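The opening position of the sequence shown corresponds to residue 10 in our numbering, with each subsequent residue numbered one higher. Note that CB positions come from ideal geometry on N, CA and C, so glycine has one too. As the structure is a computational prediction, the values presented were derived from the model and not from experiment. Read the structure below first, then the notes.
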Amino acid sequence: MYDDTHFMKEALRMAQQAYDAGEVPVGAVVVWNNKIIGRGSNQVEQLSDSTAHAEMIAITAACNQIGAKYLPEATLYVTVEPCLMCAGAIYWSKVGRIVFGASDPKNGYKRIAGNQNPFHPKASLSYGIMGQECAQLMKDFFAARRG
10 MYDDTHFMKE ALRMAQQAYD AGEVPVGAVV VWNNKIIGRG SNQVEQLSDS TAHAEMIAIT
70 AACNQIGAKY LPEATLYVTV EPCLMCAGAI YWSKVGRIVF GASDPKNGYK RIAGNQNPFH
130 PKASLSYGIM GQECAQLMKD FFAARRG
């Protein structure tokens, strides 16, 4: 049985792929029954699509994998606090548990939603898992871009 750190490391691998491709380094994995059923990394630049966030891609892959539109038994691991758009997708796909690493005060859902839960009412939320590592990858990316 794997723990949250194990799966967040997998999300960080996806974030590193985004970083290496010149994308904002956010990665996500969807886990069901202790197995990864969907992976995603930001592909906004590659696809010229402002909605191609890691969470959106991972959720779509997971739904395709199990042949269903809802993921109530799944956990979504994402390296950075989801934006409001992704929070909406997480809500509508009924993801049962959300785990994110680093907070994102500029673009995260909390900037608009505040302390209100934007996820499905039955969903649980954990955050701060490998938060420093997740935040450092973002800092390194933007420092290199300014550099």
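Quiz item: Between 10, 17, 51, 47, which lies nearest to residue 28 when the distance is taken from Cα to Cα?
Solution: Residue 28 sits at position 19 when you count from the first residue of the sequence shown. Comparing Cα positions, the closest option is 51.
Quiz item: Are residue 49 and residue 32 touching if we call contact CB-CB under 9 Å?
Solution: Position 40 of the sequence shown holds residue 49. Position 23 of the sequence shown holds residue 32. In this structure, residue 32 does not lie closer than 9 Å to residue 49 by Cβ.
Quiz prompt | Check whether residue 140 and residue 98 have beta carbons under 9 Å apart | solution = By 1-based counting over the sequence shown, the position of residue 140 is 131. By 1-based counting over the sequence shown, the position of residue 98 is 89. Not closer than 9 Å, so no.
Self-check item: In chain order, each beta strand (DSSP E) run of at least 3 residues that lies wholly inside the stretch 56-91
Solution: List check, beta strand (DSSP E) in window: 84-89.
Quiz item: Exposed or buried, what is residue 16 when buried is set at 16 or more other beta-carbons lying within 10 Å of its beta-carbon?
Solution: The sequence position of residue 16 within the sequence shown is 7, counting from 1. Here residue 16 is buried, its C-beta having at least 16 other C-beta atoms within 10 Å.
Practice problem: Measure how close the beta-carbons of residue 78 and residue 102 come, nearest whole angstrom, since I'm counting them as under 8 Å. | Solution: Here the question's residue 78 lines up with position 69 in the sequence shown. Here the question's residue 102 lines up with position 93 in the sequence shown. So it is a contact: roughly 7 Å between Cβ atoms.
Quiz item: So, using beta-carbon positions, are residue 143 and residue 84 closer together than 9 Å?
Solution: Start at 1 with the first residue of the sequence shown, and residue 143 comes out as number 134. Start at 1 with the first residue of the sequence shown, and residue 84 comes out as number 75. Taking C-beta atoms as the reference points, residue 143 and residue 84 fail to come closer than 9 Å.
Quiz prompt | Residue-level contact to chain D via CB, residue 68, 9 Å cutoff | solution = Looking at the structure shown, chain D is missing, and only one protein chain is on hand.
Exercise. Would you mind reading off the limits of the beta strand (DSSP E) that contains residue 109?
Key: Stepping through the sequence shown from its first residue, residue 109 is reached at position 100. Looking at the DSSP string, the run of the beta strand (DSSP E) that includes residue 109 is 106-111.
Quiz item: Which two residues bound the contiguous beta strand (DSSP E) that contains residue 100?
Solution: Translated into positions along the sequence shown, residue 100 becomes position 91. Residue range 93-101 is occupied by the alpha helix (DSSP H) that includes residue 100, with no beta strand (DSSP E) assigned at that position.
Quiz item: Around the Cβ of residue 154, are there at least 16 other Cβ atoms within 10 angstroms (buried) or fewer (exposed)?
Solution: Translated into the one-based positions of the sequence shown, residue 154 becomes position 145. By the neighbour-count rule (16 or more Cβ atoms within 10 Å), residue 154 is not buried but exposed.
Quiz item: Cα separation between residue 81 and residue 70?
Solution: For the purposes of this step, residue 81 is taken as the residue at position 72 of the sequence shown. For the purposes of this step, residue 70 is taken as the residue at position 61 of the sequence shown. Taking the CA atoms as reference points, residue 81 sits about 15 Å from residue 70.
Self-check item: Helix, strand or coil at residue 140 according to DSSP, with G and I counted as helix
Solution: Counting from one through the sequence shown, the residue named residue 140 turns up at place 131. Looking at residue 140 - three-state DSSP - the assignment turns out to be helix.
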